[in-house]
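Contents: one structure, followed by commentary.
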Amino acid sequence: MAQLKVPNTPATWIMEGYSIHPEKGLTILPEQSYDSTPPLMMKIEATSFCRRGEQISVRVHLFNPSEINLLVMVVLKGNDDYRFINVEENAKVNYHKPRLSAGDHQHLITVRTHTKNIHTSLNNSKWMVHYEQQF
Numbered sequence: 001m002a003q004l005k006v007p008n009t010p011a012t013w014i015m016e017g018y019s020i021h022p023e024k025g026l027t028i029l030p031e032q033s034y035d036s037t038p039p040l041m042m043k044i045e046a047t048s049f050c051r052r053g054e055q056i057s058v059r060v061h062l063f064n065p066s067e068i069n070l071l072v073m074v075v076l077k078g079n080d081d082y083r084f085i086n087v088e089e090n091a092k093v094n095y096h097k098p099r100l101s102a103g104d105h106q107h108l109i110t111v112r113t114h115t116k117n118i119h120t121s122l123n124n125s126k127w128m129v130h131y132e133q134q135f
């Protein structure tokens, strides 16, 4: 059995093949298709470095290529090395003395099918983001 490494690209792949046997002759194999599109895609935008005490913004983009809306839990992992700046109502932030919080921050988001990007900002120096989804 032949094994092929499929590129990490959201696409539909069509595979065709044939076999030549000395006794049975030529055999055309049925066409096979493989869809490598994941049910949810995530892209993160952030600066590659920052200095101690600096505030940075991290954007998390979620895209749902499936045909159903997804309920996604985005978790911003807490760490002793940084704090989160809380953005108040109407996107207000006191930059001279912002309200800080620590620990994991969870955001439950409905990602609609073929929706535009959803932006979630946070300010920190080291971070880890993961998502969980339910089908």
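Residue 66 in the UniProt record's numbering sits at position 66 of the sequence shown, and the numbers go up by one each step. Think of the CB as a built atom: it goes at the ideal place given N, C-alpha and C, for glycine as much as any other residue.
Verify whether the separation of the beta carbon atoms of residue i and residue j is less than 8 Å.
i	j	result
residue 64	residue 40	yes
residue 220	residue 16	Summary: the structure shown does not reach residue 220, with the chain confined to residues 1 through 135, and so no result is reported for it.
residue 113	residue 66	yes
residue 36	residue 6	yes
residue 86	residue 99	yes
residue 71	residue 12	no
For residue i, count the other beta carbons within 10 Å of its own beta carbon; 16 or more makes it buried, fewer makes it exposed. Which is it?
i	result
residue 26	exposed
residue 49	exposed
residue 20	exposed
residue 14	exposed
residue 62	buried
residue 93	exposed
residue 60	buried
Leaving aside the five residues before and after residue i along the sequence, list all residues of the same chain whose C-beta is less than 6 Å from its C-beta, in chain order.
i	result
residue 108	73
residue 102	78, 83
Excluding the 5 residues flanking residue i on each side, which residues of the same chain have their C-beta closer than 8 Å to its C-beta?
i	result
residue 104	75, 76, 77, 78
For this session: Enumerate, from N- to C-terminal direction, the unbroken beta strand (DSSP E) stretches of 3 or more residues contained entirely within the region 13–55.
Result: Taken in chain order, the complete beta strand (DSSP E) segments of 3 residues or longer contained in the region 13–55 are 25–35, 41–45.
Problem set entry | Whole beta strand (DSSP E) elements within the region 71–118, 3-residue minimum | Qualifying beta strand (DSSP E) stretches, in chain order: 105–111.
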